[in-house]
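First comes the structure, then the notes that go with it.
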Amino acid sequence: MARTATHRVTRAWGLLVLLTLLSLAAGHSGWTGLVANALIMAAAFAKGRWMLMDFLKLRGVPAGWRVLLLCWLVLVTAIPWITAAFPLLRA
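Here you go:
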């Protein structure tokens, strides 16, 4: 059982590193617009979800706590994208 948990955390860590590199590449590549912002925010959401589930060990807690924290994560990642999209959509 401990080996499975260790493997899951190691896999999550590797995916976090890859998503961080993807975000850095998208930010430094000169991509602009909503698609680049959406890519970076999606990577941030995925990283946040893995942090909550694997590193903070929320897989075993009651569903209400998971829903509450995932809703908070959605807000934290959606509000910056909406803020960036608002001027472009309004024009």
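So the sequence shown is numbered by our numbering: it starts at 17 and just counts up by one. Here a beta-carbon is modelled for each residue, glycine too, at the ideal position from N, C-alpha and C. Since the structure is predicted, the reported quantities are computational estimates derived from the model, not experimental observations.
Rounded to the nearest whole angstrom, the C-alpha separation of A100 and A21 is 38 Å. In the DSSP assignment, L68 falls outside any alpha helix (DSSP H), carrying neither H nor E.
Pairing M57 with T93 gives a Cβ-Cβ distance under 8 Å.
Per DSSP, P78 is not a residue of any alpha helix (DSSP H), being assigned neither H nor E.
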